[in-house]
Amino acid sequence: MRRTLLFRVLVSTVAAVTAVTTVPSVAAAGGTPGNQPLPGYTIVNPALTPATVDGRPTTVRQGTHRHAAYIIEVPPRWNGDLVMWAHGYRGQGTVLTVDPPSYGMRQRLLDQGYAWAASSYSGNGFDIRAGVVSTKELADLFGGLVRRPHRTYIAGVSMGGYVIGRSLEEYPGLYDGALPLCGVMGDQRLIDYFLDFQLTAEALSGVASYPAGPDYLGTVVPATQARLGLVGLSPTAPEPTDAAGRQFRDIVVNQSGGPRPGAAASFAYWKDFLFGLGAPPEASDTPAQDPGLISTNVFTRYAPNAPVNVNRSVRRVAPEELAQRLSPRLTQVPRIEGRPRVPVLSLHSLGDMFVPFVNEQQYKADVDRHGRARLLVQRAIRATEHCEFSPAEVGTAWDDLVNWVRHDRRPAGDRLDPRSVAAPDYGCRFSDRAAYGTGTRRLYPACA
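Per my numbering, the sequence shown starts with residue 9, numbered consecutively.
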C-alpha cells in the first residue's frame, strides 16, 4: 500500500541516496535468442505491403531483432537519410506490434526519399528504457542491412516523445533532429500530475480516494464528482455547480499548463478519464507496470488555494521507488534533463489533459536552464484530444525540421509564457484552418 510521508522524511531520504542501478526493461533475456521475443511476449508483425513512389515499389524488411519486432522501408530512390519512428503507449498487454509513421507521414517520407524504421520495443508498459534501447538497436541494424545513413532523425507520438527526449541525451551522437508529437516531454512529472488530480479531488471533496481500493470506480469516483458538482459536466456546459468543484477545475487547469483557450471545456472533456487513471493497477511490480510507484506531490504547491486551503489539507505522498525516481540512469521511467544537442520541433494539442500542455512548458524550462533554447521550437495546436493533429500540421512541422537541420534555418514557434498562452488567439498560428470542424476543434472559436 502506498504511504504518505512528511516533507522531512523525503528530504532525509533524498540526501541519503547517492547511487542506484538501472532496472531492466522486462524479465532478463537469459538464453532467449535475439530473434525471439522475451519470455511472456508474442509478436504480431504482419507483412506490410510496399508503398509506391513514382510508380515503383518500396523495399520492405521485417523481422525480430534483440527481442523486438521491426519494420524497415526504403524508397526506390533513397536520399541516404533515415527516420526512426517511436510509437506510443501500448498498455500492459503481452503482444508486441509495430506501427508505420502516422498522420500521412509514411508516404510523405517515402515520396521525399527518406527511409524509415520502427520498432515494437522489447516490452510493453510504460517502459521508456525499452523504447530508447530498442530504437537505437534498430538504427544500428539498419546500417548493417541497408547502409549507414547520412542523417538519422527520430519522430514519434505520446510516450514515443518520452523515448525521443531521453534518446537525445542517452545517445547524443546518433540523431540529427527530433519531432516529438504530443510527447511526454515532462518525464516523471506526468505521473505526478495524475497523482495531483486524485489527491486534490480528495482534499476538496472530503471523499477518501487514495490509495484506491476495489470500490474506487464504482463508489468513490461518483461520490467525489457529486460532492464537487461535476456530475453532468460537458464541454458545452463546463461550469461546476459547487465552489469546491470550481477550485478543483482551476487547480487542474493550472497544473496542466495554466489558463488558456478551451481550458474549461477541455477539463469537462477529460475529467472522467482522469478520474479513471486513479484506479488500482492490475500489476505493480515495477514502474513500467505501475508508474505511480515513483509519483510524488511532496513539494507541490497548488493554486488557487482558496476557498479551501488545499496546500494545508492535501495528502502528501512520497515515491515508493525513490531510487528510480532520483536515478540519472536510463531506468524504466527516467528523467529527461533537457540537454538536446540537435534541433527539436514539437507539436502539442492545447487542450490535451492526458499528456497535458504543461509537458512542453516543463521541457522548455529544462532546455532553457541548460542554455539550449536555440535548439527547441514548440507549436500549440487548438485541439483537445490527445495527439489530435492534421496531416498538414505534422507535415509542415516535419518539413520545417528538415530545413532547420539541413540549412540551419530555425523555424518559427509559439511562445510558452503564461501571458502568451492565455491569449484568446493562442494556438492559431500553427493550427490547420482546414481542419476546423473536425474532432474537438469546435471547442475553440475559429481563428481569424
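All residues carry an ideal CB built from backbone N, CA and C; glycine is no exception.
Discussion item. Between the alpha carbons of residue 145 and residue 71, how many angstroms are there, rounded?
Written reply: For the purposes of this step, residue 145 is taken as residue 137 along the sequence shown, with counting starting at 1. For the purposes of this step, residue 71 is taken as residue 63 along the sequence shown, with counting starting at 1. So the alpha carbons of these two residues sit roughly 13 Å apart.
Worksheet item: From residue 412 to residue 321, what distance separates their C-alpha atoms?
Response: Your numbering for residue 412 matches position 404 in the sequence shown. Your numbering for residue 321 matches position 313 in the sequence shown. Spanning the two alpha carbons is a distance of roughly 49 Å.
Worksheet item: Considering only residues of the same chain and omitting the five flanking positions on each side of residue 155, which have a CB-CB separation below 6 Å?
Response: Translated into positions along the sequence shown, residue 155 becomes position 147. In its own chain, leaving out the 5 sequence neighbours on each side, no residue places its CB closer than 6 Å to the CB of residue 155.
Worksheet item: Any idea if residue 417 is buried or exposed, counting beta-carbon neighbours within 10 angstroms, 16 or more meaning buried?
Response: Start at 1 with the first residue of the sequence shown, and residue 417 comes out as number 409. Here residue 417 is exposed. Its C-beta has fewer than 16 other C-beta atoms within 10 Å.
Fill in: Supposed close pair residue 419, residue 353 - CB separation, criterion 8 Å
The residue given as residue 419 occupies position 411 in the sequence shown. The residue given as residue 353 occupies position 345 in the sequence shown. Indeed they touch by this definition, with Cβ atoms about 7 Å apart.
Worksheet item: Leaving out the 5 sequence neighbours to the left and right, which residues in its chain are closer than 7 Å to residue 372 when beta-carbon positions are compared?
Response: Stepping through the sequence shown from its first residue, residue 372 is reached at position 364. Within the same chain, residue 372 has close Cβ partners 384, 386 and 424.
Discussion item. So residue 67 and residue 82 are supposed to be a Cβ contact under 8 Å. How far apart are they, rounded?
Written reply: Walking along the sequence shown from the start, residue 67 turns up at place 59. Walking along the sequence shown from the start, residue 82 turns up at place 74. With a Cβ gap of about 5 Å, residue 67 and residue 82 count as contacting.
Discussion item. Excluding the 5 residues flanking residue 159 on each side, which residues of the same chain have their C-beta closer than 6 Å to its C-beta?
Written reply: Position 151 of the sequence shown, counting from 1, holds the residue named residue 159. Answer for residue 159: 89 and 184, listed in chain order.
Worksheet item: Is residue 34 helix, strand or coil by DSSP?
Response: Here residue 34 refers to the residue found at position 26 of the sequence shown. Reliability fails at residue 34, whose pLDDT of 41 lies under 50, so the model's placement of it is uncertain and the value that follows must be treated cautiously. Looking at residue 34 - three-state DSSP - the assignment turns out to be coil, as it is neither helix nor strand.
Discussion item. In the DSSP output, which residue or residues are listed as bridge partners for residue 80?
Written reply: To locate residue 80, count along the sequence shown from 1; it is residue 72. 69 and 125, per the DSSP bridge assignment.
Fill in: Neighbourhood of residue 95 by C-beta, 6 Å cutoff - its chain only, sequence neighbours within 5 removed
Against the sequence shown, residue 95 aligns to sequence position 87. 107 and 168, listed in sequence order.
Practice prompt. Output yes or no for whether 8 Å exceeds the beta carbon distance between residue 393 and residue 446.
Written response: Counted from its first residue, the sequence shown places residue 393 at position 385. Counted from its first residue, the sequence shown places residue 446 at position 438. Contact flag unset, no.
Worksheet item: Under three-state DSSP, which class holds residue 164?
Response: Counting from one through the sequence shown, the residue named residue 164 turns up at place 156. The DSSP-derived three-state label of residue 164 is strand.
Discussion item. Give me, in chain order, the residues of the same chain whose beta-carbon lies closer than 8 Å to that of residue 436; leave out the 5 immediate sequence neighbours on both sides.
Written reply: To locate residue 436, count along the sequence shown from 1; it is residue 428. Hits under 8 Å: 390, 455 and 456.
Worksheet item: In chain order, which continuous runs of the alpha helix (DSSP H) of length 4 or greater are located wholly inside the segment 187-254?
Response: With a minimum length of 4 residues, the continuous alpha helix (DSSP H) runs that stay inside the segment 187-254 are 197-213 and 229-236.
Worksheet item: By how many angstroms is the C-alpha of residue 109 removed from the C-alpha of residue 347?
Response: Position 339 of the sequence shown holds residue 347. Position 101 of the sequence shown holds residue 109. Going from the Cα of residue 347 to the Cα of residue 109 covers about 26 Å.
Practice prompt. Please list, in chain order, all residues of the same chain as residue 271 whose beta carbon is under 6 Å from its beta carbon, the five residues on each side excluded.
Written response: Taking the first residue of the sequence shown as 1, we reach residue 271 at position 263. Counting only Cβ-Cβ distances below 6 Å, and skipping sequence neighbours, we find 261.
Discussion item. Tell me the DSSP secondary structure of residue 86 in three-state form.
Written reply: Here residue 86 corresponds to residue number 78 of the sequence shown, with the count starting at 1. Three-state result, residue 86: coil.
Practice prompt. Could you spell out where the beta strand (DSSP E) holding residue 382 opens and where it closes?
Written response: One-based indexing of the sequence shown puts residue 382 at position 374. Where residue 382 is concerned, there is no enclosing beta strand (DSSP E), given that its DSSP letter is neither H nor E.
Worksheet item: What three-state label does DSSP hand residue 112 in the structure shown?
Response: By one-based count along the sequence shown, residue 112 stands at place 104. Residue state for residue 112 is assigned as coil, using DSSP reduced to three classes.
Item to complete: Please say whether residue 341 and residue 120 have beta carbons closer to each other than 8 Å?
Response: Locating residue 120 in the sequence shown gives position 112, where the first residue counts as 1. Locating residue 341 in the sequence shown gives position 333, where the first residue counts as 1. No, Cβ-Cβ distance for residue 120 and residue 341 is not below 8 Å.
Practice prompt. Grab the span of the alpha helix (DSSP H) containing residue 415 for me, first residue to last.
Written response: Position 407 of the sequence shown holds residue 415. Where residue 415 is concerned, the enclosing alpha helix (DSSP H) stretches over 399-415.
Fill in: Close beta carbons around residue 359, own chain, < 6 Å, minus the five adjacent residues each side
On the sequence shown, residue 359 is found 351 positions in, with the first residue counted as 1. In chain order, 270, 274 and 392 place their CB closer than 6 Å to the CB of residue 359, counting only its own chain and leaving out the 5 sequence neighbours on each side.
Worksheet item: Between the segment 332-341 and the segment 279-291, do at least 3 Cβ pairs fall closer than 8 Å?
Response: The segment 332-341 is not in contact with the segment 279-291.
Practice prompt. Within the same chain, show all residues whose beta-carbon is closer than 6 Å to that of residue 188, passing over the 5 residues directly before and after it, in chain order.
Written response: In the sequence shown, residue 188 corresponds to position 180, counting from 1. Hits under 6 Å: 169, 172 and 354.
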